[in-house]
């Protein structure tokens, strides 16, 4: 029998029990289901973001940092004046990729809770999926368009905020 880490007798509750804490039923309690899925989703996407930022940091020429050190800039000033501005394209890519992924939050809810308990983990993407499954194609199409417009607006906003000077 496979034991999921967030089951009532799963890994996390077993660790809490060592300290005398009775853990909740993470995926079947309306108070904990969405935060549990959010933490899992953030954890799942961290690796991708780390690789993107590692590539961005490696693209910054060491000569610029050395020149700043020679000019007397400290670590904080070097980060603020050199590293951060040169990471703007990387920040933009990470922000757009993750916001699109989070706005299309589907797999976690579908696999782990099917939108429950009491629709507490029902996302826009899962709602569209349900409506298509129920044969309510008009509602599903309209919801898809609303989701698309929200994603487009968020992306445009991010491009405006993080644009190159």
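Residue numbers (my numbering): 1286 to 1450.
Just so you know, even glycine gets a beta-carbon here, dropped at the ideal spot from N, CA and C.
All values derive from a computational prediction rather than experimental measurement.
query	result
Coil, strand or helix - residue 1316 by DSSP	coil
Three-way DSSP call (helix, strand, coil) for residue 1382 in this model	helix
Three CB pairs or more closer than 8 Å across the segment 1429-1439 and the segment 1379-1399	yes
Host alpha helix (DSSP H) of residue 1417 (start-end)	1409-1418
4-residue-minimum alpha helix (DSSP H) runs that sit fully inside the segment 1339-1374, ordered along the chain	1347-1355, 1360-1363
Cβ shell of residue 1298 (< 7 Å), same chain only, five flanking positions each side left out	1308
Residue 1440 vs residue 1381 beta-carbon contact at 8 Å	yes
Proximity winner among 1318, 1373, 1449, relative to residue 1342 (alpha-carbon distances)	1373
Inter-residue spacing [alpha-carbon to alpha-carbon] between residue 1348 and residue 1378	25 Å
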